[in-house]
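See below for the structure under consideration.
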Amino acid sequence: MSRLFSLSQAASAPRPADEDAPQSGVVRFYSFLEAGAGFAADVKAGLAAPRKMIPGAWRFDGPGLLAYESLCAAPEYHLARTESALLVRHSQEILAATGANPLLVEVGPPAGITSGALIEALRPALYFDLGMDLLSAQATADRLSSAHPKLHIAGMLAEPRQNLVLPVFQGVSFPRKVIFMSAAAAGCHTADGLSDVLRQAAQIAGRGGVLIAGIGLQKGRRPLEAAGNDAQGFAARLNRNLLQRINREMGGDFQAERFRHVAVHNEKLGCTGFYLESECEQFVHVDGQRYAFEAGEVMLTGICSQFAQAAFERLAVEAGYTLQHAWADDARWMSVNLFTVA
18 MSRLFSLSQA ASAPRPADED APQSGVVRFY SFLEAGAGFA ADVKAGLAAP
68 RKMIPGAWRF DGPGLLAYES LCAAPEYHLA RTESALLVRH SQEILAATGA
118 NPLLVEVGPP AGITSGALIE ALRPALYFDL GMDLLSAQAT ADRLSSAHPK
168 LHIAGMLAEP RQNLVLPVFQ GVSFPRKVIF MSAAAAGCHT ADGLSDVLRQ
218 AAQIAGRGGV LIAGIGLQKG RRPLEAAGND AQGFAARLNR NLLQRINREM
268 GGDFQAERFR HVAVHNEKLG CTGFYLESEC EQFVHVDGQR YAFEAGEVML
318 TGICSQFAQA AFERLAVEAG YTLQHAWADD ARWMSVNLFT VA
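For the sequence shown, the working numbering assigns the number 18 to the initial residue and increments by one for each residue that follows.
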């Protein structure tokens, strides 16, 4: 099993294990979050807001990631399956553009779901998970280290839109940095927010670095709402996990069954919103504070944005990238795009 180290500012890791060596990979996390930032702060601020909302990134702790994996297998939810198929289909072209053994940086959440295809193809010297949530990073590391026991894994807890400098990993050499953002992770942002993330990713990758980004392409309301309201209820389980996490970590007393999962597509904004709707007038307690919900009141718990291909390419070019490849599935549900940093 991979070893899990405590959060630290120091950074070092051994060279990748030889293919025939029994040595397991090493797992480390580093925290660069500002004091007071994190799950509890976002929950308190969101519950106290006039229109309640909690950032969807906090849904992907261990139980949430399991719920999302189940959703990825639902027939209505095509995004992850299509992305994985495109990455496998074009793996040799990707390898030719990146070279083997890069530093692979995934910007999540969610992370570690479709990046397995890149890990198989590129054999990265180090996999680096960039996000704000330690529990999500740990769940991702557990999943990847089980599938890839020799993979060295590190994670940085930081706001992906802030100015960041990656730690220097002593003993690990790599020809370039490759940034990966899945379509699910990109969809967690509005166009303006995604632009900020892309600019910061370009700074991390550096000149000659590579960005591989999936995006969901714009399509009609019906398939998007079907994916967000799947018949087996996996999306609802993922959404309600947010309430259960509040109960686990903040002493909350949410009764999840009193909240209805709703996914509604807004064609004007080009995104699907995920909500929890209070089934009745009620109040809850979180960390000693009381919060009231009216019957029918909704709380925003995440978005999934879709993009026009040309509009996304413009965002990337404005952020400092040059498009090298764009691959879409036959139905044009989504595309995987490979850019180099100009």
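Glycine included, each C-beta is placed from N, C-alpha and C at the ideal position. Everything numeric in this text was worked out from a predicted model, so none of it was measured.
Practice item. State buried or exposed for Asp35, treating a residue as buried only when at least 16 other CB atoms are found within 10 Å of its CB. Key: As a working note, residue 35 is residue 18 in the sequence shown. With a pLDDT of 38 at Asp35, under the threshold of 50, the modelled position of this residue cannot be trusted, and the question is left open.
Review point. Which term fits Glu274, buried or exposed, when burial requires 16 or more other beta carbons within 10 angstroms of its beta carbon?
Key: The residue given as residue 274 occupies position 257 in the sequence shown. The residue is exposed, with fewer than 16 neighbouring Cβ atoms inside 10 Å.
Check your understanding: According to DSSP, which residues form a beta bridge with Gln306?
Key -> Working through the sequence shown from its first residue, we reach residue 306 at position 289. Paired residues: Val303.
Check your understanding: Can you tell me where the alpha helix (DSSP H) with Val214 in it begins and where it stops?
Key -> The count along the sequence shown starts at 1 and reaches residue 214 at position 197. Start and end: 208-222.
**Study point:** Candidates Gly313, Ile136, Pro92: closest to Ser162 by CA position
**Key:** Reading the sequence shown from its first residue, position 145 is the one you call residue 162. Selected option, being the one with the closest Cα: Ile136.
Review point. Which partner residues of Ile196 appear in the DSSP bridge assignment?
Key: Along the sequence shown, one-based indexing puts residue 196 at 179. DSSP, once it has assigned bridges, lists Val122, Leu228 as partnering Ile196.
Review point. Which whole-angstrom value describes the C-beta separation of Leu143 and Leu120, a residue pair presumed to lie in contact below a C-beta threshold of 8 Å?
Key: Within the sequence shown, residue 143 is the residue found at index 126, counting from 1. Within the sequence shown, residue 120 is the residue found at index 103, counting from 1. 5 Å between Cβ atoms; contact.
Point to revise | Cβ separation of Ala175 and Leu50, assumed to be a contact under 8 Å, to the nearest whole Å | key: Taking the sequence shown and counting its residues from 1, the one referred to as residue 175 is at position 158. Taking the sequence shown and counting its residues from 1, the one referred to as residue 50 is at position 33. Indeed, because the Cβ distance is near 6 Å, the residues count as touching under 8 Å.
Review point. Under three-state DSSP, which class holds Gln341?
Key: In the sequence shown, the residue the question calls residue 341 occupies position 324. Here Gln341 sits in strand by DSSP.
Check your understanding: Is the segment 98-113 touching the segment 125-134, taking contact as three or more C-beta pairs under 8 Å?
Key -> yes
Check your understanding: What is the DSSP secondary structure of Asn354, counted as helix, strand or coil?
Key -> Residue 354 sits at position 337 when you count from the first residue of the sequence shown. Three-state result, Asn354: strand.
Check your understanding: In three-state DSSP terms, what is Thr318?
Key -> Working through the sequence shown from its first residue, we reach residue 318 at position 301. It is a strand residue.
Practice item. For the alpha helix (DSSP H) holding Arg160, just list the boundary residues, first then last. Key: Your numbering for residue 160 matches position 143 in the sequence shown. Start and end: 151-164.
Point to revise | Gly63 versus Arg238: straight-line alpha-carbon distance, rounded | key: Residue 63 sits at position 46 when you count from the first residue of the sequence shown. Residue 238 sits at position 221 when you count from the first residue of the sequence shown. Cα-Cα distance, rounded: 27 Å.
Exercise for review: Classify Asn180 as helix, strand or coil using the three-state DSSP reduction.
Suggested key: Taking the first residue of the sequence shown as position 1, residue 180 is located at position 163. The answer is coil: DSSP assigns Asn180 none of H, G, I, E or B.
**Study point:** For Val105, three-class secondary structure by DSSP
**Key:** Residue 105 sits at position 88 when you count from the first residue of the sequence shown. Val105 falls in the helix class under three-state DSSP.
Exercise for review: Quick one: using the 10 Å Cβ neighbour count with 16 as the cut-off for buried, is Lys194 buried or exposed?
Suggested key: In the sequence shown, residue 194 corresponds to position 177, counting from 1. Label assigned to Lys194: buried.
Exercise for review: Would you kindly work out how many angstroms separate the C-alpha atoms of Ala91 and Gln187, rounded to a whole number?
Suggested key: Stepping through the sequence shown from its first residue, residue 91 is reached at position 74. Stepping through the sequence shown from its first residue, residue 187 is reached at position 170. Going from the Cα of Ala91 to the Cα of Gln187 covers about 42 Å.
Point to revise | Nearest neighbour of Gly223, chosen from Ser295, Ile196, Gln179, Asp150 [CA to CA] | key: Translated into the one-based positions of the sequence shown, residue 223 becomes position 206. Cα-wise, what sits closest to Gly223 is Ile196.
Review point. Between the Cα of Phe329 and the Cα atoms of Ala138, Ser352, Ala280, Arg277, which residue gives the shortest distance?
Key: Stepping through the sequence shown from its first residue, residue 329 is reached at position 312. It is Ser352 whose Cα lies nearest to the Cα of Phe329.
Review point. Taking the beta strand (DSSP E) that Arg45 falls in, what are its first and last residues?
Key: For the purposes of this step, residue 45 is identified with residue 28 of the sequence shown, where counting begins at 1. Arg45 -> beta strand (DSSP E) spans 43-48.
Review point. Looking at the unbroken beta strand (DSSP E) that takes in Ser295, where does it start and where does it end?
Key: Here residue 295 is taken as the residue at index 278 of the sequence shown, counted from 1. Looking at the DSSP string, the run of the beta strand (DSSP E) that includes Ser295 is 288-295.
Review point. In the DSSP assignment, what are the bridge partners of Gln323?
Key: As a working mapping, residue 323 is identified with position 306 in the sequence shown. For Gln323, which the question treats as bridged, DSSP gives no partner whatsoever.
Exercise for review: For Gly148, name the three-state secondary structure that DSSP assigns.
Suggested key: Locating residue 148 in the sequence shown gives position 131, where the first residue counts as 1. In this structure, Gly148 counts as strand in the three-state DSSP scheme.
Point to revise | Chain-order list of residues whose beta-carbon lies under 6 Å from that of Trp75 (same chain, five-residue window excluded) | key: In the sequence shown, residue 75 corresponds to position 58, counting from 1. Excluding positions up to five away in sequence, the list reads Phe56.
Check your understanding: Can you list, in chain order, the residues of its chain whose CB lies under 7 Å from that of His206, leaving out five sequence neighbours each side?
Key -> Taking the sequence shown and counting its residues from 1, one reaches residue 206 at position 189. If we look at His206 and ignore the five residues flanking it on each side, its Cβ neighbours are Val214, Ser322.
Check your understanding: For Ala208, which option in Gln261, Gln109, Leu286 has the closest C-alpha, if you only look at C-alpha atoms?
Key -> Here residue 208 refers to the residue found at position 191 of the sequence shown. Nearest option by C-alpha distance: Leu286.
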